[in-house]
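A.B. asks: In my numbering, the protein residues as written are -2 to 457. All residues carry an ideal CB built from backbone N, CA and C; glycine is no exception. Handing you this structure, nothing more for now.
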């Protein structure tokens, strides 16, 4: 290795960059806005060549002149005539087609068409012509690795499973978005006996997500976000709405996602997706699954600083919720043999760690995330209308997803599929925000197959 060509990080350069970010002189996200929250990162040059010139011009005075609307229209008309290649001298008169001087003294003559010069105009060339430059490349991340983190508590059928994801190495940050959860389990009878190859028990769709009813994440000992007891439904709704058919038929099968047959969700004999999942647990074979955690903090793009105490707590679901069976006296158990959180560790350049420590002396690190709130509301049987007030307080959600399902399925019953969302002959729904109906009119629905369904507005 040639030592003369090695990159030597400059702590002064990185410290100056983060000081500019803290002071607001360097706007990182200008011209780098992303449409969704799941796109890749972009390279940020730390040497802002325009920063010095911008700061020097910030103290210059700017003269403003107030004009009336009529004067503004006259100025706009002048600019329009100049764009057409005409120049007006003398008094403002109605422009004639003749190029000679008129009797009123207005002289209109043709001006040679020239390109308009704009002081704000900036010339540009395509990147394919930058043959003498190299694109910027990142030097902040030295390596990325995965470390297996095992639970600190005993894994039982009732106790929560706790993990400590703290990075013991001071040079490593944590990328929660890339971290994964691995589970290896067996399905057995409640007395410990193995199930038969033709047993009438099958995992529900997305068995990996249905294993846990609640996921809590703590930073520095403080609870940041909790999924309450609706974590399984949050995972299923995100999987159905955020992923396409190609993903569901490929990588999501690692979470045992095999779509149920429409109209046969609770059927044990005609559900094709149920048959695919049944083959994987016969004779109590070991089943391993791996996937991401649908937690608010695990969807951030930013890395957690080194030495931040991160604790994860998983609460298990009842076997009657994550398993379905056609037997009347079904009694099964899910035995977890191994469970691991594969934490993504980021080895950061020491110069950046020093720059972060200097910046933290004057400000705090900021980690914006999108908060998801799940509400579980019970409706009385036989009621034809319901008014639900103050569902979301203090904040206005950007999207609301509503699903109706059976109470037995939510509470856990081997005979009911928890993902069997039904319309229950819903005819009208109205959403109010500050007392004003959203979209102005109620959403009227009709699920009559004989006369034709009217439900497309609910999906648009």
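Quick one: is residue 169 buried, meaning 16 or more other Cβ sit within 10 Å of its Cβ, or exposed?
C.D. replies: Buried, because 16 or more other Cβ atoms sit within 10 Å of the Cβ of residue 169.
A.B. asks: Which residues in the same chain as residue 259 place their Cβ atom closer than 8 Å to its Cβ, once the five residues preceding and following it in sequence are excluded?
C.D. replies: Cβ neighbours of residue 259 beyond the five flanking positions: none.
A.B. asks: Which residue wins for smallest C-alpha separation from residue 333, given the options 380, 14, 312?
C.D. replies: With distances taken between Cα atoms, residue 333 lies closest to 312.
A.B. asks: So what's residue 383 in DSSP terms, helix, strand or just coil?
C.D. replies: Here residue 383 sits in coil by DSSP.
A.B. asks: How would you call residue 420, buried or exposed, if buried means at least 16 neighbouring beta carbons within 10 angstroms?
C.D. replies: Flag for residue 420 reads exposed.
A.B. asks: Could you tell me if residue 391 is buried or exposed, where buried requires 16 or more neighbouring beta carbons within 10 angstroms of its beta carbon?
C.D. replies: Exposed, since its Cβ has fewer than 16 Cβ neighbours within 10 Å.
A.B. asks: Closest by CA to residue 399, which one among 371, 251, 180?
C.D. replies: If we check each option's Cα against that of residue 399, 371 comes out closest.
A.B. asks: Quick check for students: name the residue ranges of the beta strand (DSSP E) that lie wholly in the segment 145 to 221, counting only runs of 3 or more.
C.D. replies: You should have 158 to 161, 169 to 186, 198 to 200, 209 to 216.
A.B. asks: Does residue 134 come out as helix, strand or coil in the three-state DSSP assignment?
C.D. replies: Three-state result, residue 134: coil.
A.B. asks: Enumerate in chain order the residues of its own chain whose CB-to-CB distance from residue 121 is below 7 Å, with the five nearest sequence positions on each side excluded.
C.D. replies: Correct list: empty, nothing qualifies.
A.B. asks: From 441, 276, 254, pick the residue whose C-alpha is nearest to that of residue 205; which is it?
C.D. replies: Here the closest residue by C-alpha is 254.
A.B. asks: Can residue 297 and residue 174 be called in contact, C-beta distance under 8 Å?
C.D. replies: Yes, these two residues count as a Cβ contact at 8 Å.
A.B. asks: Report the rounded CA-to-CA distance for residue 415 versus residue 177, giving the unit in angstroms.
C.D. replies: Cα-Cα distance, rounded: 24 Å.
A.B. asks: Can you give me the C-alpha to C-alpha distance between residue 397 and residue 358, rounded to a whole angstrom?
C.D. replies: If you take the alpha carbons of residue 397 and residue 358, they lie about 40 Å apart.
A.B. asks: I'd like to confirm the pairing. Which residues does DSSP put opposite residue 467 in its beta bridges?
C.D. replies: This structure does not reach residue 467, given that the chain is present from -2 up to 457, and the question cannot be answered.
A.B. asks: Span of the alpha helix (DSSP H) holding residue 275?
C.D. replies: Note, residue 275: alpha helix (DSSP H), 269 to 275.
A.B. asks: From residue 436 to residue 228, what does the alpha carbon distance come to, in whole angstroms?
C.D. replies: Each residue's alpha carbon lies about 30 Å from the other.
A.B. asks: Any idea which residues DSSP pairs residue 335 with across the strands?
C.D. replies: BP columns for residue 335 point to 181.
A.B. asks: Relative to the C-alpha of residue 265, which candidate in 198, 346, 79, 154 has its C-alpha closest?
C.D. replies: Closest by alpha carbon: 198.
A.B. asks: Please classify residue 77 as buried or exposed, where buried requires at least 16 other C-beta atoms within 10 Å of its C-beta.
C.D. replies: Residue 77 is exposed by the Cβ-count criterion.
A.B. asks: Am I right that residue 153 and residue 161 are in contact with their C-beta atoms under 8 Å? What's the rounded C-beta distance?
C.D. replies: Not quite, the Cβ-Cβ distance comes to about 18 Å (not below 8 Å), so this is no contact.
A.B. asks: Verify whether the separation of the beta carbon atoms of residue 222 and residue 232 is less than 8 Å.
C.D. replies: No, they are not a contact pair.
A.B. asks: According to the Cβ coordinates, are residue 319 and residue 331 closer than 8 Å?
C.D. replies: Yes, these two residues count as a Cβ contact at 8 Å.
A.B. asks: In the DSSP assignment, the beta strand (DSSP E) including residue 287 goes from what residue to what residue?
C.D. replies: 284 to 288 is the span of the beta strand (DSSP E), which, as asked, contains residue 287.
A.B. asks: How is residue 388 classed by DSSP in three states: helix, strand or coil?
C.D. replies: Residue 388: coil per DSSP, three-state reduction.
A.B. asks: With burial defined as no fewer than 16 other Cβ atoms inside 10 Å of the residue's Cβ, what is the status of residue 252: buried or exposed?
C.D. replies: The residue is buried, with at least 16 neighbouring Cβ atoms inside 10 Å.
A.B. asks: Do you know offhand how far residue 524's Cα is from residue 293's?
C.D. replies: The displayed coordinates of the chain run from -2 to 457. Any statement about residue 524 would go beyond what the structure contains.
A.B. asks: Where does residue 27 sit, in a helix, a strand or coil, going by DSSP?
C.D. replies: Here the model assigns residue 27 a pLDDT of 45, short of 50, so the residue's position is not dependable, and the following value carries that caveat. Three-state result, residue 27: coil.
A.B. asks: In angstroms, rounded to a whole number, what distance separates the CA positions of residue 267 and residue 388?
C.D. replies: Residue 267 and residue 388: Cα-Cα distance of roughly 38 Å.
A.B. asks: Counting only the same chain and skipping the five closest in sequence on each side, list residues whose C-beta sits under 7 Å from that of residue 240.
C.D. replies: Excluding sequence neighbours, residue 240 sits near 249.
A.B. asks: Are the CB atoms of residue 314 and residue 182 nearer to each other than 8 Å?
C.D. replies: Not a contact, by the Cβ cut-off of 8 Å.
A.B. asks: Grouping DSSP H, G and I as helix and E and B as strand, with all else coil, what is residue 278?
C.D. replies: Reduced to three states, the DSSP call for residue 278 is coil.
A.B. asks: Between which two residues does the alpha helix (DSSP H) harbouring residue 354 extend?
C.D. replies: That run of the alpha helix (DSSP H) goes 347 to 356.
A.B. asks: From this set, 202, 451, 432, which residue's C-alpha is nearest residue 440's C-alpha?
C.D. replies: That would be 451, whose Cα lies nearest to the Cα of residue 440.
A.B. asks: In the DSSP assignment, the beta strand (DSSP E) including residue 421 goes from what residue to what residue?
C.D. replies: That residue, residue 421, is in no beta strand (DSSP E); it is neither H nor E in DSSP.
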